[in-house]
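There are 4 protein chains.
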Amino acid sequence: MTERLKHRVYRANMALPECGLVKLTWGNVSAVDRQRGLVVIKPSGVPYGEMKVSDMVVVDLQGKQVEGSRNPSSDTATHLELYARFPDVGGIVHTHSTWATSWAHAGAPIPASGTTHADYFAGEIPCTRPLSREEVNGDYELETGRVIAATIGTTDPLHMPGILVSQHGPFCWGKTPEIAVQNAVVLEEVAKMAWITGTLNRQTPVMDSYLLNKHFTRKHGPNAYYGQK
Amino acid sequence: MTERLKHRVYRANMALPECGLVKLTWGNVSAVDRQRGLVVIKPSGVPYGEMKVSDMVVVDLQGKQVEGSRNPSSDTATHLELYARFPDVGGIVHTHSTWATSWAHAGAPIPASGTTHADYFAGEIPCTRPLSREEVNGDYELETGRVIAATIGTTDPLHMPGILVSQHGPFCWGKTPEIAVQNAVVLEEVAKMAWITGTLNRQTPVMDSYLLNKHFTRKHGPNAYYGQK
Amino acid sequence: MTERLKHRVYRANMALPECGLVKLTWGNVSAVDRQRGLVVIKPSGVPYGEMKVSDMVVVDLQGKQVEGSRNPSSDTATHLELYARFPDVGGIVHTHSTWATSWAHAGAPIPASGTTHADYFAGEIPCTRPLSREEVNGDYELETGRVIAATIGTTDPLHMPGILVSQHGPFCWGKTPEIAVQNAVVLEEVAKMAWITGTLNRQTPVMDSYLLNKHFTRKHGPNAYYGQK
Amino acid sequence: MTERLKHRVYRANMALPECGLVKLTWGNVSAVDRQRGLVVIKPSGVPYGEMKVSDMVVVDLQGKQVEGSRNPSSDTATHLELYARFPDVGGIVHTHSTWATSWAHAGAPIPASGTTHADYFAGEIPCTRPLSREEVNGDYELETGRVIAATIGTTDPLHMPGILVSQHGPFCWGKTPEIAVQNAVVLEEVAKMAWITGTLNRQTPVMDSYLLNKHFTRKHGPNAYYGQK
Numbered sequence: 018m019t020e021r022l023k024h025r026v027y028r029a030n031m032a033l034p035e036c037g038l039v040k041l042t043w044g045n046v047s048a049v050d051r052q053r054g055l056v057v058i059k060p061s062g063v064p065y066g067e068m069k070v071s072d073m074v075v076v077d078l079q080g081k082q083v084e085g086s087r088n089p090s091s092d093t094a095t096h097l098e099l100y101a102r103f104p105d106v107g108g109i110v111h112t113h114s115t116w117a118t119s120w121a122h123a124g125a126p127i128p129a130s131g132t133t134h135a136d137y138f139a140g141e142i143p144c145t146r147p148l149s150r151e152e153v154n155g156d157y158e159l160e161t162g163r164v165i166a167a168t169i170g171t172t173d174p175l176h177m178p179g180i181l182v183s184q185h186g187p188f189c190w191g192k193t194p195e196i197a198v199q200n201a202v203v204l205e206e207v208a209k210m211a212w213i214t215g216t217l218n219r220q221t222p223v224m225d226s227y228l229l230n231k232h233f234t235r236k237h238g239p240n241a242y243y244g245q246k
Numbered sequence: 018m019t020e021r022l023k024h025r026v027y028r029a030n031m032a033l034p035e036c037g038l039v040k041l042t043w044g045n046v047s048a049v050d051r052q053r054g055l056v057v058i059k060p061s062g063v064p065y066g067e068m069k070v071s072d073m074v075v076v077d078l079q080g081k082q083v084e085g086s087r088n089p090s091s092d093t094a095t096h097l098e099l100y101a102r103f104p105d106v107g108g109i110v111h112t113h114s115t116w117a118t119s120w121a122h123a124g125a126p127i128p129a130s131g132t133t134h135a136d137y138f139a140g141e142i143p144c145t146r147p148l149s150r151e152e153v154n155g156d157y158e159l160e161t162g163r164v165i166a167a168t169i170g171t172t173d174p175l176h177m178p179g180i181l182v183s184q185h186g187p188f189c190w191g192k193t194p195e196i197a198v199q200n201a202v203v204l205e206e207v208a209k210m211a212w213i214t215g216t217l218n219r220q221t222p223v224m225d226s227y228l229l230n231k232h233f234t235r236k237h238g239p240n241a242y243y244g245q246k
Numbered sequence: 018m019t020e021r022l023k024h025r026v027y028r029a030n031m032a033l034p035e036c037g038l039v040k041l042t043w044g045n046v047s048a049v050d051r052q053r054g055l056v057v058i059k060p061s062g063v064p065y066g067e068m069k070v071s072d073m074v075v076v077d078l079q080g081k082q083v084e085g086s087r088n089p090s091s092d093t094a095t096h097l098e099l100y101a102r103f104p105d106v107g108g109i110v111h112t113h114s115t116w117a118t119s120w121a122h123a124g125a126p127i128p129a130s131g132t133t134h135a136d137y138f139a140g141e142i143p144c145t146r147p148l149s150r151e152e153v154n155g156d157y158e159l160e161t162g163r164v165i166a167a168t169i170g171t172t173d174p175l176h177m178p179g180i181l182v183s184q185h186g187p188f189c190w191g192k193t194p195e196i197a198v199q200n201a202v203v204l205e206e207v208a209k210m211a212w213i214t215g216t217l218n219r220q221t222p223v224m225d226s227y228l229l230n231k232h233f234t235r236k237h238g239p240n241a242y243y244g245q246k
Numbered sequence: 018m019t020e021r022l023k024h025r026v027y028r029a030n031m032a033l034p035e036c037g038l039v040k041l042t043w044g045n046v047s048a049v050d051r052q053r054g055l056v057v058i059k060p061s062g063v064p065y066g067e068m069k070v071s072d073m074v075v076v077d078l079q080g081k082q083v084e085g086s087r088n089p090s091s092d093t094a095t096h097l098e099l100y101a102r103f104p105d106v107g108g109i110v111h112t113h114s115t116w117a118t119s120w121a122h123a124g125a126p127i128p129a130s131g132t133t134h135a136d137y138f139a140g141e142i143p144c145t146r147p148l149s150r151e152e153v154n155g156d157y158e159l160e161t162g163r164v165i166a167a168t169i170g171t172t173d174p175l176h177m178p179g180i181l182v183s184q185h186g187p188f189c190w191g192k193t194p195e196i197a198v199q200n201a202v203v204l205e206e207v208a209k210m211a212w213i214t215g216t217l218n219r220q221t222p223v224m225d226s227y228l229l230n231k232h233f234t235r236k237h238g239p240n241a242y243y244g245q246k
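Residue numbers (my numbering), protein chains in the order written: chain A, 18 to 246; chain B, 18 to 246; chain C, 18 to 246; chain D, 18 to 246.
Listed below in structure tokens is the structure:
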């Protein structure tokens, strides 16, 4: 069972450069096996072109490495904190994709400006506050997870499956690692679209709330009618 | 005969990711067989990489499914309304292409700024008004078709073979599904060019009307002299 | 000999989509054989994916078709006028490349902002005046060649191997069709760089004239020392 | 031993067009063999598609050609000056990559706006002053190396492994030619991100210094914990 999950996590990681979301060794995808209390994650600093399924690292929910000869991603503690806070989440993605990262640099949330956004994110995509000096110099990656969870707050994380970490970049998630990668693709695209929209019309209001709700519920929830049954 | 049209619609749909106009499962192309009163359209939410000719869905002009085991595109009612309103149109394309969609988010028409535009669109490419709450919560996809037709008004739809739906994205059309896809390629390109032009020179006037007319008629109508006989 | 030139013109035309300078059937390359008084040019409106060497059209310097079963490019008269005016030019390229075309839409010349520009163009790349209604409605393509030649004026066309036609797009040229295509690649790149530069610093002055001259003469003229002997 | 280094320099040069950092014959990579006092560098003006390992040129530290039948890069004197000034540097890269070059055109340093930047560059990436008329008309390429070294000053060049040359473009370096190429990839990406960030928020302050320091030391120095041991 871990073998199958390692294969899925490997494939989801390989999708990041294929979709143009990362360069060099940037980015990472993980998935959780809730029954067995295990997380499979990308190894740290291994080039995508050389990465193999057997390089995937398995850690328990406390971060203890239980399988694999590689070091896990240096962002592992962030992933573990999010799995602890978001019980419905099955996969997490971190990238430094160009447009989403630039919004994170600016410390600005991405406004919902159209249905492409509304099909996946049920409102404005938030940006965290900057971490404090103490948080950065302390348990940095854990604190990153904590500030993400605090920013999402009581929102259903499956309704807001991504966030910008201030001065850093995006984290996305979903029921599965494959869906988490899809959300990272969409986040990058809506980040670019929102940027273009803003330059065309600085006064563009956010989209009509009933249209946002219509499109999100066309794809999610009990009355969804997009896609195949 | 339906088999041949299904193959053409399949090929036209596959051209959307090949031309960089869509990501994931976004977008859809349809074609109409006016003699038999049938429309062939992309299935809803099927990834392009897995889609087969046999996944194409056939509906009649009232939307009743007559062939295929998949659900048709969730935008089918929009396509049917446009076929009803535009008797000369043989194919329709919907995408969320980046630059055209961003103009739709801004609620702004795309000004005719050069001959690339004039070769295909005989003037400014319009943007619809936003749909009302009632239209969105009612028969949403049908209303989308209605607002498109109302915005085109009495213009020959083959002279203005595309439009932006406010807060949503572009729809294009043409005599055939292949021409409709070409118009979607051009719309995305002129959306990007018009954006760059606007940032270079906020006072750029629209192009000279006689140049616009010259280029459109070089390619269309009785005196066209572009291309092979 | 015409066979060899047809092959070169074919290859130069195919380089346009390969270099991302054109979409669909846009753009055209020609070359002249001065000894025999013949011009080889792309056929009008043939998709690049289907074009063959045997589709190239041969016309004499008055535009009379002497070889080939296809119609020549609708821009043939522009090419012929430039060959008549610029005796050292051996190849001409027309594209609708995105950034250069957008400068043409804005009616603005491209300022020399760095050495990438200076390596190929010995100063600001000019933009023609708009054609008048009479010129557009008269012998349009010939008038396009005339306004290009008038704008280049007494400048050596090999020192300024390209221009923007107002509201239309770029034309480039060179001693050979291969060099003309290279100049079209460079024009598109410096158009993009000049745009980015302008948004970073609206007050950026043009580059120092001695640096411009140094880089142009490093690559051109009797003291050039770039490249292999 | 030179054969092996020639192969590495060849591969590093070929990575430039593969990573989208150069067009045509632009750009060059070199590496130094400190023991033997030799530098291997790209030949001048050879198209990447035709370049072979045997085209690499070997010069000594005074610039005397000791191997190869091609002319070395016209920028060789710049590389040699940097090897003389930066004893820990093993490889140097010069490109005209689009976004970094545009910052160089604007004469502006690239501010550190996020962790992507901080992972590789320990602060703002500087831009040199423009060269004077005397420097340009004198030993131009040597003066380019001198102004780079003067701008880096007493900073550890491995902490600031790249720079913008005013009105020209970027030079990057590293312990090896492969790392130098990586730094050129990162420089282009952070140049683009910083541009987007600046357009989103002209008041964006530079990133927090403790976050910058955290990310640089996560990847560099005695306490680095990114990657595999």
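Ideal Cβ placement from N, Cα and C applies to all residues, glycine included.
The model shown is predicted, which means the values in this text are computed figures rather than measured ones.
Residue contact check for D/Lys40 against chain C: a CB pair falls below 8 Å.
By the rule that beta-carbons nearer than 8 Å mark a contact, A/Asn218 does not touch chain D.
It is roughly 13 Å from the alpha-carbon of A/Val203 to the alpha-carbon of A/Thr118. Any Cβ of chain D closer than 8 Å to the Cβ of C/Ser130 would place that residue at the interface, and such an atom is present. The count of Cβ pairs closer than 8 Å, one atom from the stretch 221 to 238 of chain C and one from the stretch 58 to 68 of chain C, stays below three, leaving the stretches out of contact. Of all alpha-carbon atoms in C/Ser90, C/Tyr227, C/Phe103, the one lying nearest the alpha-carbon of C/Asn45 is that of C/Ser90. Taken residue by residue, none of the stretch 55 to 81 of chain B has a beta-carbon sitting less than 8 Å from a beta-carbon on chain C. At a cut-off of 8 Å between C-beta atoms, B/Lys231 counts as an interface residue with respect to chain C. As for any alpha helix (DSSP H) of minimum length 4 sitting wholly inside the stretch 116 to 181 of chain A, the runs are 132 to 135, 150 to 154, 157 to 169, ordered along the chain. Among the CB atoms of chain D, none fall inside 8 Å of the CB of C/Glu151. Excluding residues up to 5 positions away in sequence, Leu99, Thr145, Ile180, Val182, Phe188 lie with their Cβ nearer than 7 Å to the Cβ of C/Ile165 in the same chain.
As the crow flies, the alpha-carbon of D/Thr216 is around 12 Å from that of A/Ala211. Between the stretch 23 to 30 of chain D and the stretch 191 to 210 of chain D, the count of Cβ pairs shorter than 8 Å is three or higher; the stretches touch. Judged by their CB atoms, B/Pro60 and B/Val74 are nearer to each other than the 8 Å cut-off. Within chain C, Ser91 have C-beta atoms less than 7 Å from the C-beta of B/Arg235, given in sequence order. For D/His176, same chain residues with a beta-carbon under 6 Å away, outside a window of 5 residues either side, are Ala139 in chain order. For B/Gly37, the closest alpha carbon among the candidates B/Thr112, B/Ala135, B/Gly155, B/Ser71 is that of B/Thr112. At least 8 Å separates the CB of A/Tyr100 from every CB of chain B. At a cut-off of 8 Å, the C-beta of B/Leu204 has no neighbouring C-beta in chain C. Under the three-state reduction of DSSP output, B/Val57 falls in the strand class. Taking a 10 Å sphere around the C-beta of D/Arg163, we find 16 or more other C-beta atoms and assign the residue as buried. In this structure, C/Ile127 sits near C/Val207, with a CB-CB distance shorter than 8 Å. Annotation: B/Gly131 to B/Pro104 spans about 29 Å, alpha carbon to alpha carbon. Judged by DSSP secondary structure, D/Phe188 falls within the beta strand (DSSP E) whose first and last residues are 186 to 191.
Look at D/Ala121: its C-beta is under 8 Å from a C-beta on chain C.
Per the coordinates, the alpha-carbon of C/Ser114 lies some 9 Å from the alpha-carbon of C/Leu33. Contacts with chain A at 8 Å (Cβ-Cβ) do not include B/Tyr27. Counting along the chain, the unbroken beta strand (DSSP E) around A/Glu84 starts and ends at 82 to 84.
Boundaries cannot be given for A/Ser71, as no alpha helix (DSSP H) includes it and DSSP labels it neither H nor E.
Interface criterion met: the Cβ of D/Gly186 is under 8 Å from a Cβ in chain C. Counting of Cβ neighbours within 10 angstroms places B/Ala241 among the exposed residues, the total staying below 16. Residues of the stretch 147 to 179 of chain D with a Cβ closer than 8 Å to any Cβ of chain C, in chain order: Pro147, Leu148, Arg150, Val153, Asn154, Tyr157. Boundaries of the alpha helix (DSSP H) around C/Asn30: 19 to 35. Proximity of B/His134 to chain A, defined by a Cβ-Cβ separation below 8 Å, is not satisfied.
Annotated three-state conformation of B/His237 is coil, per DSSP.
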